[in-house]
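In our numbering, the protein residues as written are 168 to 461.
C-beta atoms are modelled at their ideal positions from N, C-alpha and C, and glycine is treated no differently.
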Amino acid sequence: MSPDNPDRERPVDEPDQPVPPRASGATPSAAEQPSAGGQPSAAEQPSAGGQPPVGERAGLGVGDGAPSAAYQSLLRLSFDEPRRPLRTAATVLGAVLTLAVLGVPLGLLWAALAPDTPVLKTAEGAIYADPQPEQPIAADGWFSLLGLGFGLLVALALWFVLRRRRGPVGLLAAVLGALVAAPVAWQVGRRVGLATFDRLLATAPAGQAFTKPADLRAGGVDWLLDVLPVPHGNLLLPAFGAAVMYTLLAGWSRWPGLRPEPDAAGLSWVSAGTPTPQAAPAPPAPDEAEPPRG
Numbered sequence: 168m169s170p171d172n173p174d175r176e177r178p179v180d181e182p183d184q185p186v187p188p189r190a191s192g193a194t195p196s197a198a199e200q201p202s203a204g205g206q207p208s209a210a211e212q213p214s215a216g217g218q219p220p221v222g223e224r225a226g227l228g229v230g231d232g233a234p235s236a237a238y239q240s241l242l243r244l245s246f247d248e249p250r251r252p253l254r255t256a257a258t259v260l261g262a263v264l265t266l267a268v269l270g271v272p273l274g275l276l277w278a279a280l281a282p283d284t285p286v287l288k289t290a291e292g293a294i295y296a297d298p299q300p301e302q303p304i305a306a307d308g309w310f311s312l313l314g315l316g317f318g319l320l321v322a323l324a325l326w327f328v329l330r331r332r333r334g335p336v337g338l339l340a341a342v343l344g345a346l347v348a349a350p351v352a353w354q355v356g357r358r359v360g361l362a363t364f365d366r367l368l369a370t371a372p373a374g375q376a377f378t379k380p381a382d383l384r385a386g387g388v389d390w391l392l393d394v395l396p397v398p399h400g401n402l403l404l405p406a407f408g409a410a411v412m413y414t415l416l417a418g419w420s421r422w423p424g425l426r427p428e429p430d431a432a433g434l435s436w437v438s439a440g441t442p443t444p445q446a447a448p449a450p451p452a453p454d455e456a457e458p459p460r461g
């Protein structure tokens with residue numbers, strides 16, 4: 168045996184002989200045996216249509232178990248809603264109008280919780296029965312608490328209802344809606360029982376005691392150029408609560424784009440149109456070893 172002739176039984180000048188056919192029931196060699204489970208090995212497995220595997224063709228990074236940057240970008244684009252200014256404006260306007268209507272029950276609740284202030288009828292008009300009444304302060308406190316809670320609930324509701332509009336659009340809708348709902352609640356609440364108070368003020372004799380409905384002293388609406396209403400005081404608390412809650416929800420969101428995205432681990436890397444390679448035939452039963460080549 169020499170380096171030029173590794174087979175000691177075969178002469179150097181003898182040409183290679185073809186491998187004799189394997190007898191029926193013969194056991195294939197280790198190099199010829201298919202992989203476990205009756206499937207061809209990775210080197211022998213043919214790709215569909217002579218093309219590379221799907222992961223390599225799409226650049227999805229199947230080998231490392233994580234999608235590539237190109238696929239992540241495509242995923243974000245496919246789930247990002249197209250930006251349509253008219254649809255965005257309609258969404259914000261609809262949310263503002265809905266919250267303005269919800270200001271009506273908020274005002275009724277405030278009127279039911281805030282106490283009325285006792286007054287006395289005099290020749291000059293009505294005066295407080297107590298020189299330093301606590302009822303107006305309580306009315307301001309109830310409106311502040313209810314308005315702040317209303318703003319927090321508005322932000323939570325819009326966060327889940329406007330899932331596709333999370334971000335600046337959702338924040339704008341929450342703040343504007345709460346800002347409009349506060350004056351509506353104030354006007355509705357202060358008018359509960361106001362007609363009775365005006366009638367007694369006009370017809371009651373001097374010295375008669377009655378009550379004045381709740382009203383705000385720490386808030387109101389100013390008119391800018393006699394055209395644009397500008398709320399101030401505790402009328403701003405609902406918008407403040409909505410802005411704070413929406414910002415906290417955005418900061419705690421686990422999605423970078425704030426909108427829900429599909430889990431990349433649950434996606435299939437193989438497209439539906441890619442044919443599955445057919446299984447290799449079952450290996451023959453082991454019987455006799457392959458005869459040695461001589």
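**OP:** Count the C-beta pairs between the region 262-278 and the region 343-354 that are closer than 8 Å, then say yes if the count reaches three, no if not.
**Re:** Flag = yes, the region 262-278 and the region 343-354 touch.
Original post:
Should the region 294-314 be regarded as contacting the region 323-338, the criterion being three or more beta carbon pairs within less than 8 Å?
Top reply: The region 294-314 and the region 323-338 do not touch, with fewer than 3 CB-CB distances between them shorter than 8 Å.
Original post:
In whole angstroms, what separates the C-alpha of Asp393 from that of Phe317?
Top reply: Taking the first residue of the sequence shown as 1, we reach residue 393 at position 226. Taking the first residue of the sequence shown as 1, we reach residue 317 at position 150. C-alpha separation (whole angstroms): 29 Å.
Original post:
Using the C-alpha atoms, what's the distance from Phe407 back to Ser420?
Top reply: Numbered from its first residue, the sequence shown carries residue 420 at position 253. Numbered from its first residue, the sequence shown carries residue 407 at position 240. Counting only the Cα atoms, Phe407 lies some 20 Å from Ser420.
**OP:** Count the C-beta pairs between the region 278-292 and the region 370-381 that are closer than 8 Å, then say yes if the count reaches three, no if not.
**Re:** Judged by Cβ distances under 8 Å, the region 278-292 makes contact with the region 370-381, as three or more pairs qualify.
**OP:** Can you say whether Val397 is buried or exposed, counting buried as having 16 or more other CB atoms within 10 angstroms of its CB?
**Re:** The count along the sequence shown starts at 1 and reaches residue 397 at position 230. Result: exposed.
Original post:
Enumerated in chain order, which unbroken segments of the beta strand (DSSP E) with a length of 3 residues or greater are wholly contained in the region 258-296?
Top reply: Runs of the beta strand (DSSP E) inside the region 258-296: 284-288 and 293-295.
**OP:** Identify which residue in Val336, Leu323 and Gln354 has its Cα closest to the Cα of Tyr413.
**Re:** The count along the sequence shown starts at 1 and reaches residue 413 at position 246. For Tyr413, the nearest C-alpha among the options comes from Leu323.
**OP:** Scan the region 288-340 and note each continuous beta strand (DSSP E) run of 3 residues or more that stays entirely inside, going in chain order.
**Re:** Taking only runs of at least 3 residues, the beta strand (DSSP E) segments lying wholly in the region 288-340 are 293-295.
Original post:
For Leu395, which three-state DSSP category applies?
Top reply: Here residue 395 refers to the residue found at position 228 when the sequence shown is read from its first residue. It is a strand residue.
Original post:
What is the DSSP secondary structure of Gly374, counted as helix, strand or coil?
Top reply: By 1-based counting over the sequence shown, the position of residue 374 is 207. When secondary structure is reduced to three states using DSSP, Gly374 falls in the coil class, being assigned neither helix nor strand.
Original post:
In its own chain, which residues sit with a C-beta less than 8 Å from the C-beta of Trp390, not counting the 5 before and 5 after it?
Top reply: Sequence index remark: in the sequence shown, residue 390 carries index 223 (1-based). So the list reads Pro396 and Val397, once near-sequence residues are dropped.
Original post:
Quick one, which of Gln375, Val388 and His399 has its alpha-carbon nearest Val286's?
Top reply: Locating residue 286 in the sequence shown gives position 119, where the first residue counts as 1. With distances taken between Cα atoms, Val286 lies closest to Gln375.
Original post:
Just to confirm, are Ala373 and Ala290 a CB contact at a threshold of 9 Å?
Top reply: For this step, residue 373 is matched to residue 206 along the sequence shown. For this step, residue 290 is matched to residue 123 along the sequence shown. Contact flag set, yes.
Original post:
In angstroms, rounded to a whole number, what distance separates the CA positions of Ala369 and Gly274?
Top reply: Counted from its first residue, the sequence shown places residue 369 at position 202. Counted from its first residue, the sequence shown places residue 274 at position 107. Cα-Cα distance, rounded: 26 Å.
**OP:** Check whether the Cβ atoms of Leu253 and Leu315 lie closer than 9 Å to each other.
**Re:** By one-based count along the sequence shown, residue 253 stands at place 86. By one-based count along the sequence shown, residue 315 stands at place 148. Leu315 is positioned such that its CB atom lies no closer than 9 Å to that of Leu253.
Original post:
If we count the other Cβ atoms within 10 Å of its Cβ and call it buried at 16 or more, is Leu415 buried or exposed?
Top reply: Stepping through the sequence shown from its first residue, residue 415 is reached at position 248. Counting Cβ neighbours within 10 Å, Leu415 comes out exposed, since fewer than 16 surround it.
Original post:
So, using beta-carbon positions, are Ala417 and Ala340 closer together than 9 Å?
Top reply: Translated into positions along the sequence shown, residue 417 becomes position 250. Translated into positions along the sequence shown, residue 340 becomes position 173. Taking 9 Å as the cut-off, the beta carbon of Ala417 is found no closer than this to the beta carbon of Ala340.
Subject >> Three-state class that DSSP yields for Pro207 in the structure shown >> reply: Here residue 207 corresponds to residue number 40 of the sequence shown, with the count starting at 1. Below a pLDDT of 50, predicted positions are generally treated as unreliable, and Pro207, at 48, falls in that range; the measurement from the model is reported next regardless. Annotated three-state conformation of Pro207 is coil, per DSSP.
Original post:
To the nearest angstrom, how far is it from the Cα of Ala256 to the Cα of Phe327?
Top reply: Looking up residue 256 in the sequence shown gives position 89. Looking up residue 327 in the sequence shown gives position 160. Rounded to whole angstroms, Ala256 to Phe327 spans 19 Å at the Cα level.
Original post:
Roughly how many angstroms separate the alpha carbons of Ala409 and Asp307, rounded to a whole number?
Top reply: If you number the sequence shown from 1, residue 409 lands on position 242. If you number the sequence shown from 1, residue 307 lands on position 140. If you take the alpha carbons of Ala409 and Asp307, they lie about 19 Å apart.
**OP:** Could you name the residues that DSSP lists as bridge partners for Val388?
**Re:** Locating residue 388 in the sequence shown gives position 221, counting from the first residue. Note: Val388 sits in a beta bridge opposite Pro398.
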